[in-house]
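Everything on this sheet refers to the single structure shown next.
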Amino acid sequence: MPKILRVELTSDQKREVRERLRARDLAPGTRLRLECIRLMGRGLIVPEVADLLECNVVTVRGAVHRFAAGGFDALADALRPGRPASVTREDREALAALLDESAQQGRTWTAAALCDWLAAERGVRISAAWLTELLHRDGFRWKRTRAGCWTTPAPLSGSPQSGSPNRTTWWHSCTPECHPPKSGPRCRNSSPTRH
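Numbering (this note's numbering), first residue to last: 1046 to 1240.
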């Protein structure tokens, strides 16, 4: 039969558990371990805590052992392996602002052109495929445009000029507003939109 584990918390430790649990940016694993310690401090035993939190008893025992060995700091998740993200939240917000501004102006972007803009303006190198994934996560979507007019938009200040036509020329959807019947041809680009 496994040893019955008990956790005795002082009033300062109980207050610290409550404060740590209030944090909004707490990782789910860390929150679960803190809840285990909080409930164990109230006198519950391991199977009761596991039942309340709907987790395995091994998880509860692991949280108790980690707390006993290193206190509250030992309950935090370990660092994730791998390279840190190259695109920061600030870079993504700047990109979103650029796309929102471009939508107001009727300008369209390709993923490759956005990658060039990120490299020139923010010093971030990223593949077009990964940028597309990040934009989807941020609520942007790409629309395949229908055959219409070729447009070559004027470059934004500071954006790199590529000799490749794929980076400076885009197709956009032609609508009745794009070419009104009585006036001459005038093109207005479609723009990326948020979900």
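Every residue gets a Cβ at the ideal spot worked out from N, C-alpha and C, and that includes glycine.
Outcome for residue i when other beta-carbon atoms lying within 10 angstroms are tallied against a minimum of 16
{"i": "residue 1153", "result": "buried"}
{"i": "residue 1096", "result": "exposed"}
{"i": "residue 1103", "result": "exposed"}
{"i": "residue 1108", "result": "buried"}
{"i": "residue 1124", "result": "exposed"}
{"i": "residue 1063", "result": "exposed"}
{"i": "residue 1070", "result": "exposed"}
{"i": "residue 1122", "result": "exposed"}
{"i": "residue 1083", "result": "buried"}
{"i": "residue 1205", "result": "Its pLDDT being 48, under 50, residue 1205 is placed unreliably by the model, and the measurement read from it follows with that caveat. When all chains shown are included, residue 1205 counts as exposed."}
{"i": "residue 1078", "result": "buried"}
{"i": "residue 1235", "result": "For residue 1235, the pLDDT reaches just 42, beneath the cut-off of 50, and the residue's location in the model is therefore unreliable, although a value from the coordinates is still provided. Label assigned to residue 1235: buried."}
Top-ranked residue by Cα proximity to residue i, from the options
{"i": "residue 1168", "options": "1056, 1063, 1057, 1139", "result": "1139"}
{"i": "residue 1106", "options": "1052, 1059, 1142", "result": "1052"}
{"i": "residue 1117", "options": "1050, 1188, 1049, 1059", "result": "1059"}
Cβ-Cβ separation, residue j to residue i (assumed contact under 8 Å), whole Å
{"i": "residue 1173", "j": "residue 1148", "result": "With a Cβ gap of about 20 Å, residue 1173 and residue 1148 do not count as contacting."}
{"i": "residue 1136", "j": "residue 1163", "result": "7 Å"}
{"i": "residue 1088", "j": "residue 1054", "result": "In fact, because the Cβ distance is near 10 Å, the residues do not count as touching under 8 Å."}
Heavy atom of the ligand NAP within 7 Å of residue i beta-carbon
{"i": "residue 1170", "result": "As presented, the structure is devoid of all ligands, the ligand NAP included, so that no description of it is given."}
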